[in-house]
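Enquirer: Encoded as structure tokens, here's the structure I'll be asking about.
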Amino acid sequence: MTTHSRFSLDELAEMLRRMMVIRGFEERVSALYRDGEVPGFVHLSTGQEASAVGACWPLRPSDVITSTHRGHGHCLAKGLDPLGMFAELMGRDSGTNRGRGGSMHIADPTIGIFGANGIVAAGLPIAVGAAAAAQLCADGGVAVAFFGDGAVAQGAFHEAVNLAAVWRLPVVFWCENNGYAEFSPAETQHAAPLAQRAAGYGVPHLAVDGNDVIACASTMADVVAGVRAGSGPVIVEAATYRWHGHYEGDPERYRSGDELAAWKQRDPLLVLAGHMAPLGFDKGQVSALEASVAQLLDAAVHTARGSAAPDVATLDHFVVRDRPAHPEPAPLAADAPVFRMMDAVHDALEHELAEDDRVFVAGIDVAEGGNVFGLMRGLRDRFGDRVRDTPISETAIMGLGVGAAMAGMRPVVEMMYLDFVGVCLDQLLNQAAKLPFMTGGSARMGLTVRTQFGAGRSSGSQHSQSLEALLAHIPGLTVVMPSTPADTYGLLRAAIQDPNPVVFIENRLLYGMKGPRPPADHIVPIGRSIVVRPGTDITLVSVSRMVHEALAAADTVDDEGISVEVIDLRTVAPLDLVPVLDSVHRTGRILIAHEAVLPFGIGAEIAATVAREAFWDLDAPIERIGAAPTPAPYSPGLERAWLPGRDDIAAALRRLAAV
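In structure tokens, the structure reads:
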């Protein structure tokens, strides 16, 4: 069989047309950028057209790709409309992403394009998540992660490939090796070739001529057929070359003109035309195809130029999706049965897994071990593969959640300790929180991230931190911190049903706490604070375990004639300060207590809002209580001095009452 005998002449002509679209698109973008019509950064894929078209050739519309900052070609090859892309690059409201994404973030999840990505290697874990969704749904879907040779140095590459191999996921990792990682030659970046790395993961590695679209499409057709059949992940390395610099405007001092000229002799379009000429596709037909593509692209540029920019009144659109409307549940009966907070977590997960086939749970030791605290024991036995153990790979775990959520699943992924957020912050900060916005609202992100924190047991500086303010500062993330078993059950169910990414933070010191068991249909609305103790003299605002310290302090000073109203925030992003402001209007005094270190904590935001909205109601300065501005100490005595408690809160209440 010759290289091209598996494809008809019509198919080869379509491959050539698609490559011409990519080439013509990039040429026009280069000119538009030069003339100031495209803002921001632009990274062109001119010279790499065969890799994009060949890799996408056997894919279905429902199959998923993730891409890179150099992603125009991949998106066009997967079927994205050039008109929408031109408008997006020009920042127009009619753009693919309503002008919110731009060149580095082009995406259309409705046709399986889960995003070009400005973060190197970030798309690989997301592709793994999409592949996991396809595996769970058993729909024959495949995910393809495009990445450059420079991305192989990223930890996200290792974590994604390893997880895909462990789970035998239907994903193809397509490396476009163009010889340079930004400005650095590939040979200076890696101690071992990609083929050796693939062997280390137990993943097949195939090399292909990335400038020959027939070779790419033929290789990919075989690879995709095997992956669909359940053979597991494959790494394909396509040798190719980018004709332009790393970015438009790059002075390109790191490579020679002779090197570029040599690669241009293997222009992907000329290579394919050379295959087609003996089959009767002559120069006149090539020229006619070029003319039709040029007409299409020129018309698209003209239309995009005439489209409007987004209305500034829509600035806050696509950040947070509307939540389901849940009323505040009725108070629980005094004779309700009792359960623990750890039971609440288990029962909420069990309820949602049973009610919604889209829900699955994944994390380190959550399945066979039932999680490090035993919260999920028995769930694996009942729900099988929908409760999954992962490697110790926080970036892969978060990316798994992001990709699966974009594919329409309802993943619940566990970050074992809140302190580990630094290991996987990109997938929360730049992916989960931003993709709905950067795609103009088209990316689904019904993702729940369960985690826990808590100081007071000498866990040390790396296992005791209260980092909710860090997460609450990220637009698009919802942050929930329950304080009781019933709220834990109701809020966790609400989080799993929510269409937004929710970080659900439990305090491990409360896992054994007992409280009334609510009915199975109990749901607590996200973003709603509640008064848990009425009072008249001072407003005391807290969250999570510190609510109980606040209640104890309020009881203490009540015997001294000081009436304290205690408010449990329950959700710290978004903050519901209406009950707080109403309370301050009546009391004239406010104290905010949280476990996090005091500077820059959520108390500062609450204090700023109260100062702005209720300044004339205040009869005393706003007070805050929090941990000392040091890392959490290990020694018990130091930790007790560092962590605020009921005695500190009571002392602050007395000071306020005396003003």
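Using the numbering used here, you'd call the opening residue of the sequence shown number 632 and step up by one each time.
For each residue, glycine too, the CB sits at the ideal point set by N, CA and C.
1) Identify which residue in Asn728, Asp1278, Gly1085, Ala1151 has its Cα closest to the Cα of Val1228.
2) Nearest CA to the CA of Asn728: which residue from Pro816, Pro941, Gln820?
3) Return the Cβ separation of Val1044 and Gly1032 in integer angstroms, given the expectation that the two are a contact with Cβ distance under 8 Å.
4) Considering Glu1254, what are the terminal residues of the beta strand (DSSP E) in which it resides?
5) Going by alpha carbons, who is nearest to Val1197 out of Pro1205, Ala1184, Ala1204, Val669?
6) Can you list the beta strand (DSSP E) stretches of 3 or more residues lying completely in the segment 714 to 751, in chain order?
7) Provide the residue span of the alpha helix (DSSP H) that contains Lys914, from first to last.
8) Runs of 4 residues minimum, wholly inside the segment 1066 to 1113: which ones carry the alpha helix (DSSP H) assignment?
9) Skipping 5 residues on each side, what residues in its chain have a beta carbon closer than 7 Å to that of Arg659?
10) Based on DSSP bridge pairs, tell me the residues matched to Asn808.
11) Could I get the ranges of all uninterrupted alpha helix (DSSP H) runs contained in the segment 753 to 792, with 4 residues as the minimum, in chain order?
12) Looking only at DSSP bridge pairs, what is Ala838 linked to?
13) Within this structure, are the beta carbons of Gln1083 and Asn1131 separated by less than 8 Å?
14) At 3 residues or longer, what runs of the beta strand (DSSP E) sit wholly inside the segment 1209 to 1284?
15) Ends of the alpha helix (DSSP H) at Phe1014?
16) Following the continuous alpha helix (DSSP H) through Pro801, name the residue where it begins and the one where it ends.
17) What residue does the alpha helix (DSSP H) around Leu903 start on, and which one ends it?
18) Might you give, ordered along the chain, the residues of its own chain that have their beta carbon closer than 6 Å to the beta carbon of Ala956, omitting 5 neighbours on each side?
19) Could you name the residues that DSSP lists as bridge partners for Glu1180?
20) In this structure, does DSSP put Ala975 in helix, strand or coil?
21) What does a CB cutoff of less than 8 Å around Val1241 pick up in its chain, not counting 5 residues either side in sequence?
22) Spell out a yes or no on whether the segment 895 to 905 and the segment 838 to 846 are touching, meaning 3 or more CB-CB pairs, one atom from each, closer than 8 Å.
23) Given a cut-off of 8 Å, decide if Pro1116 and Met972 are closer than it, judged by their beta-carbon atoms.
24) Which two residues bound the contiguous beta strand (DSSP E) that contains Ala1042?
25) In this structure, does DSSP put Leu1031 in helix, strand or coil?
26) What does Thr1202 pair with, by DSSP beta-bridge criteria?
27) Three Cβ pairs or more, each shorter than 8 Å: is that satisfied between the segment 691 to 703 and the segment 738 to 748?
28) Taking the continuous beta strand (DSSP E) assigned at Thr1170, which residues delimit it?
29) Indicate whether the contact test is met: 3 or more Cβ pairs, each with one atom in the segment 910 to 926 and one in the segment 854 to 865, closer than 8 Å.
30) In three-state terms, what does DSSP make of Ile653?
31) Can you give the Cα-Cα distance for Tyr1265 and Glu1226, rounded to whole angstroms?
32) Using 8 Å as the threshold, is the C-beta distance between Met1047 and His736 below it?
33) Within 10 angstroms of the Cβ of Thr1079, are there 16 or more other Cβ atoms? Answer buried if so, exposed if not.
34) To which residues does DSSP link Gly1164 through a beta bridge?
35) Judging by CA-CA distance, which residue of Asp881, Tyr872, Tyr885, Glu883 is the nearest neighbour of Arg897?
36) Buried or exposed for Ser725, going by 16 or more other Cβ atoms inside 10 Å?
Expert: Result, derived from the coordinates:
1) In the sequence shown, counting from the first residue as 1, residue 1228 sits at position 597. In terms of CA proximity to Val1228, Gly1085 leads the group Asn728, Asp1278, Gly1085, Ala1151.
2) Stepping through the sequence shown from its first residue, residue 728 is reached at position 97. The closest CA to that of Asn728, considering only Pro816, Pro941, Gln820, is found on Pro941.
3) On the sequence shown, residue 1044 is found 413 positions in, with the first residue counted as 1. On the sequence shown, residue 1032 is found 401 positions in, with the first residue counted as 1. Indeed they touch by this definition, with Cβ atoms about 4 Å apart.
4) Counted from its first residue, the sequence shown places residue 1254 at position 623. That run of the beta strand (DSSP E) goes 1254 to 1258.
5) The residue labelled residue 1197 in the question sits at position 566 within the sequence shown. That would be Ala1184, whose Cα lies nearest to the Cα of Val1197.
6) Taking only runs of at least 3 residues, no beta strand (DSSP E) segment lies wholly in the segment 714 to 751.
7) For the purposes of this step, residue 914 is taken as residue 283 along the sequence shown, with counting starting at 1. 914 to 936 is the extent of the alpha helix (DSSP H) around Lys914.
8) For the segment 1066 to 1113, whole alpha helix (DSSP H) runs of length 4 or above, ordered along the chain, are 1066 to 1069, 1099 to 1103.
9) Within the sequence shown, residue 659 is the residue found at index 28, counting from 1. These residues qualify, in order along the chain: Leu928, Val932.
10) Against the sequence shown, residue 808 aligns to sequence position 177. The partner list for Asn808 (beta bridge, DSSP) reads Ala870.
11) Segments of the alpha helix (DSSP H) lying fully in the segment 753 to 792: 754 to 768.
12) By one-based count along the sequence shown, residue 838 stands at place 207. Beta-bridge pairing links Ala838 to Glu868.
13) Position 452 of the sequence shown, counted from the start, is the residue given in the question as residue 1083. Position 500 of the sequence shown, counted from the start, is the residue given in the question as residue 1131. No, the pair does not count as a contact, with Cβ atoms beyond the cut-off.
14) Correct list: 1221 to 1228, 1254 to 1258.
15) The residue labelled residue 1014 in the question sits at position 383 within the sequence shown. Start and end: 1010 to 1014.
16) Translated into positions along the sequence shown, residue 801 becomes position 170. No alpha helix (DSSP H) contains Pro801, which DSSP labels as neither H nor E.
17) Position 272 of the sequence shown, counting from 1, holds the residue named residue 903. Run containing Leu903: 899 to 907, per the alpha helix (DSSP H) assignment.
18) As a working mapping, residue 956 is identified with position 325 in the sequence shown. So the list is empty, once near-sequence residues are dropped.
19) The residue you call residue 1180 lines up with position 549 of the sequence shown. Note: Glu1180 sits in no beta bridge, so no partner.
20) Within the sequence shown, residue 975 is the residue found at index 344, counting from 1. DSSP places Ala975 in helix when its eight states are reduced to three.
21) The sequence position of residue 1241 within the sequence shown is 610, counting from 1. If we look at Val1241 and ignore the five residues flanking it on each side, its Cβ neighbours are Leu1208, Val1211, Leu1212, Val1215, Ile1221, Leu1249, Ile1253.
22) Segments in contact, yes.
23) Working through the sequence shown from its first residue, we reach residue 972 at position 341. Working through the sequence shown from its first residue, we reach residue 1116 at position 485. Against a cut-off of 8 Å, the Cβ pair of Pro1116 and Met972 comes out as a contact.
24) Residue 1042 sits at position 411 when you count from the first residue of the sequence shown. Per the sequence shown, residue 1042 should be read as Pro rather than Ala. Counting along the chain, the unbroken beta strand (DSSP E) around Pro1042 starts and ends at 1041 to 1046.
25) Within the sequence shown, the letter at position 400 stands for residue 1031. Here DSSP, grouped into helix, strand and coil, assigns Leu1031 to helix.
26) Sequence index remark: in the sequence shown, residue 1202 carries index 571 (1-based). Looking at the DSSP output, Thr1202 sits in a beta bridge with Val1111.
27) In short, these stretches touch, since the Cβ pair count reaches three.
28) The residue given as residue 1170 occupies position 539 in the sequence shown. Start and end: 1169 to 1173.
29) With the cut-off at 8 Å, the segment 910 to 926 and the segment 854 to 865 do not touch.
30) What you label residue 653 is simply residue 22 of the sequence shown in a count that begins at 1. Helix at Ile653.
31) Here the question's residue 1265 lines up with position 634 in the sequence shown. Here the question's residue 1226 lines up with position 595 in the sequence shown. Between Tyr1265 and Glu1226, the alpha-carbon positions lie close to 16 Å from each other.
32) For the purposes of this step, residue 1047 is taken as residue 416 along the sequence shown, with counting starting at 1. For the purposes of this step, residue 736 is taken as residue 105 along the sequence shown, with counting starting at 1. With respect to His736, Met1047 sits apart: the two C-beta atoms are not nearer than 8 Å.
33) Position 448 of the sequence shown, counting from 1, holds the residue named residue 1079. Of the other Cβ atoms in all chains shown, 16 or more fall within 10 Å of the Cβ of Thr1079; this residue is therefore buried.
34) Looking up residue 1164 in the sequence shown gives position 533. Sequence inspection shows Arg at residue 1164; the Gly mentioned does not correspond to that position. In the DSSP assignment, Arg1164 forms a beta bridge with Val1197.
35) Counting from 1 along the sequence shown, the entry for residue 897 is found at position 266. Of Asp881, Tyr872, Tyr885, Glu883, the residue nearest in Cα terms is Tyr872.
36) On the sequence shown, position 94 is the one that residue 725 refers to. With 16 or more Cβ atoms within 10 Å of its Cβ, Ser725 is classed as buried.
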